[in-house]
Amino acid sequence: MKTHQSKRSQPLCAVWREGDGLAPRFEQRDPVKQLVRKDQQLSKQAHRALSSFLEGECKHPDLLGIEVVAVQYEPAKQRLCVSVGSANNQANGEAVLAALKHSQTVLRSVVAAGLHRKKVPVLSFYYVGDNTGGESCLFKP
């Protein structure tokens, strides 16, 4: 009886490394990358929800023409920092921030409807002005 011998003269891999022979589905993913991705996803969802509300459904006279410039999630403080700006140079920054503070509960419920999370972070607003840069931090909850 003839034994079957391998016809390969060289091994498949010249050098063995850590992780060779393991299925990729068992590899551990980097938890930091996953958290960053989730934070970016949360910011994008909140940006979409707030932008659509301020453009269409908002009836407050001081918030007409206000647009969301950026939304950034701060995981350490469990809050969303929302930068708003206006293309209208006549908008008063203090009046806009006062109107945002007055309607903060409504805006938070709008964000809650647009998010896919158990807890909704607190909103803090920053007025950028005419969207040319230079943030002014006039209101922090």
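For the sequence shown, this note's numbering gives the first residue as -11, with consecutive numbering after it.
We put the beta carbon where it would ideally sit given N, CA and C, even for glycine.
Do we get a CB-CB distance below 7 angstroms when we pair V99 with the residues of chain C? Reference to chain C is not applicable here, since this structure consists of a single protein chain.
Closest residue to A79 among V116, L68 and S97 (Cα-Cα distance): V116
Quick check for students: name the residue ranges of the beta strand (DSSP E) that lie wholly in the segment 15 to 91, counting only runs of 3 or more. 54 to 62 and 67 to 74
Which same chain residues end up closer than 7 angstroms to C125 when comparing Cβ atoms and leaving out the 5 residues on each side of it in sequence? For C125, the predicted structure reports a pLDDT of 41, less than 50, and the residue's modelled location is therefore unreliable. A value from the coordinates is still provided. For C125, where only same-chain residues beyond five positions count, the Cβ hits under 7 angstroms are Y114.
Quick one: using the 10 Å Cβ neighbour count with 16 as the cut-off for buried, is V56 buried or exposed? buried
Is the number of C-beta pairs between the segment 100 to 115 and the segment 35 to 43 that are closer than 8 angstroms three or more? yes
Could you tell me if P130 is buried or exposed, where buried requires 16 or more neighbouring beta carbons within 10 angstroms of its beta carbon? The question about residue 130 has no answer here: the residues shown for the chain are numbered -11 through 129.
Cβ contact (3+ pairs, closer than 8 angstroms) linking the segment 45 to 60 and the segment 83 to 96: yes
Check G117 in the structure and name its three-state DSSP category. strand
Is L111 helix, strand or coil by DSSP? strand
Between Q22 and V84, what straight-line distance do the alpha-carbon atoms span, to the nearest angstrom? 35 angstroms
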